[in-house]
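Taking it in order: structure first as structure tokens, then the write-up.
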Amino acid sequence: MISAYSMHGLGAEALKMFESMQETDITPNQLTFVAVLSACSNTGSLDQGHYYFTTMQEAYGIEPCMEHYTCMVSLLGRLGHLDRALKMIDEIPNEPSVMVWRALLGACVAHKNIELGRFAAEHVLEMEPQDESTYVLLSNIYATAKNWDNVAFVRKSMRKKRVKKEPGLSWIENQGMVHYFAVGDDSHPDNKLIRGMLEWLNFRSRTLGYAPNHDAVLLDVEEDEKARLLWLHSERIALAFALLRMPIGSPILIIKNLRVCADCHVSIKVVSKLVQREIVIRDINRFHHFEDGVCSCNDYW
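In this text, residue positions in the sequence shown follow the UniProt record's numbering: the first is 1, and each later residue adds one.
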């Protein structure tokens, strides 16, 4: 239950469950503290995270494993304490795992730290040279800084090493049938209606304060073209289809094979408030529960 709460972004509930567990005869183990520290990371609870990390060792005699360190690096990174996160990695007695370096890289992307992000990415690629997601995150950092030469260099490196970027794909079930959508997909029988819905969502979202994040487009093209391309991401196409075909007011569940981009995340928060629907997206990292303009991940994933 603690793990389930944490996985779905309900960190406060996970920690309450752990407190209730401590009132029983059940002794927490290594996995319990992975879930607890993950919940602290999800909620940005730094003091609690440090407390449980210490208590785990001193009160229960559990030595930190790589998953515990990953949670702590993620927690520090979420709050922007990147130097402290790197210091914790340096203090790991064994060779840090790829998970730890990925946690630091994700934090660098969120806080736009190019140099440390490049350092973390280099460590990931030393261990997993074919990891296309790391190349994409590195491109994101460079694109945010409008460093198009380095974006091009990353793509050249991918081609040289024959690393192929997995195309974005989202899918949704409706009336017993699964509908798949790729980036820019216009093959669905409802394509004209979907495009119309996307235009309406774009217009209405802007009236509620949405402004396109052009940094989420890793192409050196005009701003208007970037804004257009953002609304053709697979999860937005799937969402438009769901709004057209699923019963009014019903929850919407979309599965995506990659990480939700920053602009899609913002736009779907706005749409959830606009249409007053619960929207759940399961991306490669976690579940995102969007409701009334807020996401369960607290804008960090």
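Glycine is no exception: its CB is placed at the ideal position from the N, C-alpha and C atoms.
Bear in mind that the values here come from a model prediction, so they are computed numbers and not experimental data.
First and last residue of the beta strand (DSSP E) that includes residue i?
i: residue 177; result: 177-182
i: residue 163; result: Careful: residue 163 lies outside any beta strand (DSSP E) and carries neither H nor E.
i: residue 173; result: 169-174
i: residue 256; result: 252-256
Which residue marks the beginning of the alpha helix (DSSP H) containing residue i, and which one marks its end?
i: residue 265; result: 262-275
i: residue 3; result: 2-7
i: residue 244; result: 234-245
i: residue 279; result: Here residue 279 belongs to no alpha helix (DSSP H); instead the beta strand (DSSP E) covers 279-282.
Can you round the beta-carbon distance between residue i and residue j to whole angstroms, since I take them to be within the 8 angstroms contact cut?
i: residue 155; j: residue 124; result: No, residue 155 and residue 124 are not in contact; Cβ-Cβ is about 17 angstroms, not under 8 angstroms.
i: residue 202; j: residue 231; result: 5 angstroms
i: residue 239; j: residue 271; result: 7 angstroms
Quick check: the Cα distance between residue i and residue j, rounded to an integer number of angstroms?
i: residue 208; j: residue 241; result: 21 angstroms
i: residue 158; j: residue 135; result: 7 angstroms
i: residue 267; j: residue 205; result: 7 angstroms
i: residue 31; j: residue 19; result: 16 angstroms
i: residue 92; j: residue 193; result: 54 angstroms
i: residue 179; j: residue 185; result: 12 angstroms
i: residue 96; j: residue 89; result: 7 angstroms
i: residue 174; j: residue 245; result: 8 angstroms
i: residue 225; j: residue 4; result: 40 angstroms
i: residue 235; j: residue 106; result: 21 angstroms
i: residue 122; j: residue 50; result: 28 angstroms
Which word fits residue i, buried or exposed, when buried means at least 16 other C-beta atoms lie within 10 angstroms of its C-beta?
i: residue 294; result: exposed
i: residue 247; result: exposed
i: residue 167; result: exposed
i: residue 284; result: exposed
i: residue 29; result: exposed
i: residue 85; result: buried
* Complete alpha helix (DSSP H) runs within the stretch 185-229 (minimum length 4 residues, chain order) -> 191-207
* **Secondary structure, beta strand (DSSP E): runs of 3+ residues fully inside the stretch 38-123** => none
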